[in-house]
Amino acid sequence: MVGSILDYDPNITSYKEEVNRVINEIYLEFIALHPWPFSQVVVDDYALNDITATHLSTIATTAGNKSIAITGIGLNYGGCVVQISGAIDEEDNGEFYITSIIGTNAFLEKLVAGIKQPQHPTQWFGWRSSNAGTITAHVMQRYLPLPTDCDYPVSVNMRNPIEAGKAGYRAMYQLTRRRDEELNLKLDLEGSPTDWISYNTTPEKLWEAKDFVPLNSDFVPNEAGVAADFWIQGEYEFKYCYMFNGIPGPLSAAQTFNVTLGNAGLTFLTRDTTLNNLNGLHKRIYVRLKSVGPAPSYSDEIFRDVSAYYTGIGGTGSTGAKFIEISDDDVSYAWPRTIVDPSNMDWWKSLPRAPENEGRCWRIRLYPRPSQGTSDFGTPIRIRYVQQPNRLIEDIDTPTSPADTHRYLVYRACEELFQKFNNVAQAEFYRRKADKDLLRIEQKHLTVGAGPYIKSGYKVGPVWAKPFVTLTHS
């Protein structure tokens, strides 16, 4: 529709990419403009229970060992805070955060006070002393990470009477960070949560996934002949990202790779990210089938998230995970073709598209902090947030907003493109149309009843209930 309005729609790849970029920027900006009801989603999650483990041991090595085995810990505890006590060397006591978990082994980084820049891994080189059964570790989830497609959180509450019993329904009130500081609320006060505070960055100046840039030179596909379960000949595109504390970082640039062998198995050569004394910087792969198979070959425009496929088999990833993931120190990861057959085209088509992650992740802190929930999984909470949508890539992709909002996207895109063509008059014309349409959308979708509609008779007066209530605009 944009092309028909502009009366200029050449079959030029660079031009189409520019139009798509403008449309997607306007689309994402529109979704983030207000907490639209149609862009909000609700998810149920758990605030994890605390874990206290005693009689733990550590081993000091010249290589900088940072791991400790903690009974009861799982992958979902990545990013949690650990308070260590009982170590012989005082430098090994204090607060740490978990950067990676493999099995029951947690890899730690120490929280150092007074650091103005993000914590660097060389500030704590690893266990300075070997401790035989003297360490106590207290693991707690001080900050709860939200889904990576969260544009910003709207509400947090408890609505789970099945698991939480009589306390299953409870309202929580949002506090700003400024109000939290004014009230001087304790970080680790334990109890039933009544308030929540949102954070768009890690408060303790920790490294985050967005701090690690994935370079194409650090990710190189390589093919070799295999006996069975081989990759189909054709042209593929690969992207990858770093995973840190369970949060995906920004995606790398796409790189094309041609599978030429008729019986190819792929190995991915990656960088050992532990060489800078940091653990937990794992890698995930995203694949686009650009032109695969005999003529007519199959192709699509989206990158597929291969880590979204849960195999149920330990060791699928070199991290020990039951999905495809490359560990931080793995420099040559062979695709697990006996577990995941890359020649199965139906499997490829069933994979979801790569997430629109930028390495950022909202977190919330519950006050007081629920250290022991009513469920084995923790304290059940319900989170409502504005969801960041996927970009419009395929021709069949449509916005997640209602159909009556689509013309606004067209008008705003025309305004931008006419500005680009130096057609000021047409740009101003479509600016007015877009502003008018946006006002209509706001009046419709941000207007709610101030109370319930009441079914009543036609008589109205001081003692009669009104059949309708006043509408308010918010």
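For the sequence shown, position 205 matches number 212 in the numbering used here, and the numbering has no gaps at all.
Just so you know, even glycine gets a beta-carbon here, dropped at the ideal spot from N, CA and C.
The model shown is predicted, which means the values in this text are computed figures rather than measured ones.
Neighbourhood of residue i by C-beta distance below 6 Å, restricted to the same chain and skipping five residues each side
i       : result
Asp-51  : Arg-389
His-145 : Thr-59, Gln-90
Thr-280 : Leu-288, Asp-335
Ala-76  : Thr-111, Asn-112
Glu-365 : Pro-257
Ser-314 : Arg-291, Phe-330, Ile-331, Glu-332
Ala-341 : Thr-274
Gly-385 : Tyr-53, Ala-54, Leu-55, Asn-56
Cys-368 : Pro-152, Thr-155, Ile-254
CB of residue i within 8 Å of CB of residue j, strictly
i       : j       : result
Pro-152 : Gly-93  : no
Tyr-176 : Asp-202 : no
Asp-337 : Ser-325 : yes
Glu-423 : Ile-38  : no
Glu-510 : Glu-401 : In the structure as shown, the chain begins at 8 and stops at 481. Residue 510 is therefore absent and cannot be evaluated.
Ala-161 : Tyr-392 : At residue 161 the sequence reads Val, which differs from the Ala that was named. Yes; because the gap between Cβ atoms is below 8 Å, this pair is in contact.
Arg-372 : Tyr-243 : no
Cys-157 : Gln-450 : no
Leu-196 : Tyr-305 : no
Tyr-95  : Ser-136 : A small correction: the amino acid at residue 95 is Ile; Tyr does not occupy that position in the sequence shown. Yes; because the gap between Cβ atoms is below 8 Å, this pair is in contact.
Phe-237 : Ser-357 : no
Trp-355 : Leu-268 : no
Phe-310 : Arg-360 : yes
Thr-277 : Phe-226 : yes
Which listed residue (the options) has its alpha carbon closest to that of residue i
i       : options                            : result
Val-29  : Ser-314, Tyr-247, Phe-425          : Phe-425
Ile-448 : Thr-412, Gln-394, Lys-297          : Thr-412
Ala-198 : Lys-443, Arg-376, Ala-139, His-452 : First, the residue type needs correcting, since residue 198 is Gly and not Ala in the sequence shown. Comparing Cα-Cα distances from Gly-198 to each of Lys-443, Arg-376, Ala-139, His-452, the minimum goes to Arg-376.
Thr-155 : Val-48, Gln-433, Gln-450           : Val-48
Lys-443 : Asn-429, Tyr-415, Ala-432          : Tyr-415
Met-165 : Arg-398, Gly-380, Asp-404, Gln-394 : Gly-380
Gly-241 : Ile-95, Val-299, Ser-46, Pro-349   : Val-299
Ala-139 : Leu-196, Glu-98, Ile-66            : Ile-66
Arg-186 : Ile-204, Pro-200, Ala-178          : Ile-204
Asn-286 : Ala-261, Asn-191, Glu-116          : Glu-116
Ser-408 : Pro-44, Ser-21, Val-26             : Pro-44
Val-266 : Pro-301, Ile-19, Asn-252, Ala-260  : Pro-301
Enclosing alpha helix (DSSP H) for residue i [first to last residue]
i       : result
Asp-444 : 431-452
Ser-357 : 352-357
Phe-37  : 20-40
Unbroken beta strand (DSSP E) run spanning residue i, endpoints
i       : result
Ile-204 : 202-206
Arg-295 : 289-299
Glu-423 : Here Glu-423 belongs to no beta strand (DSSP E); instead the alpha helix (DSSP H) covers 413-427.
Leu-182 : 180-182
Glu-230 : 226-232
Gly-272 : 271-277
Glu-116 : 112-117
Tyr-159 : 157-166
Phe-245 : 241-251
Ile-138 : Residue 138 is actually Asn in this sequence, not Ile. Its beta strand (DSSP E) spans residues 138-147.
Cβ neighbours of residue i in the same chain (closer than 8 Å, five flanking residues each side left out)
i       : result
Tyr-84  : Leu-55, Ile-58, Ile-105, Ile-108, Ala-113, Val-146, Gln-148
Pro-469 : Note on Pro-469: pLDDT 44, under 50, position unreliable in the model; the coordinate value appears next. So no residue of the chain qualifies.
Thr-209 : Tyr-150, Glu-215, Arg-370
Gly-71  : Phe-132, Gly-133, Asn-284
Pro-406 : Tyr-34, Pro-396, Leu-399, Thr-412, His-413, Leu-416
Contacts around residue i, its chain only, beta-carbon distance under 7 Å, and the 5 residues preceding and following it disregarded
i       : result
Thr-318 : Lys-329, Phe-330, Ile-346, Val-347
Glu-61  : Sequence inspection shows Thr at residue 61; the Glu mentioned does not correspond to that position. Closer than 7 Å at Cβ, skipping near neighbours: Thr-143.
Asn-100 : Ile-91, Ser-92, Ala-94
Check whether the segment 263-274 touches the segment 221-239, counting contact only when three or more Cβ pairs, one atom from each stretch, lie closer than 8 Å. Judged by Cβ distances under 8 Å, the segment 263-274 makes contact with the segment 221-239, as three or more pairs qualify.
When you compare the segment 412-422 with the segment 431-450, are there three or more beta-carbon pairs, one atom per stretch, that lie closer than 8 Å? In this structure the segment 412-422 touches the segment 431-450; the number of beta carbon pairs closer than 8 Å is three or more.
Counting Cβ pairs closer than 8 Å, one from the segment 279-292 and one from the segment 239-251, do we hit at least three? Verdict: yes, contact present.
Mind the definition here: the segment 200-220 touches the segment 249-267 only if three or more C-beta pairs lie below 8 Å; say whether that holds. Taking a contact to require three or more Cβ pairs closer than 8 Å, the segment 200-220 and the segment 249-267 qualify as touching.
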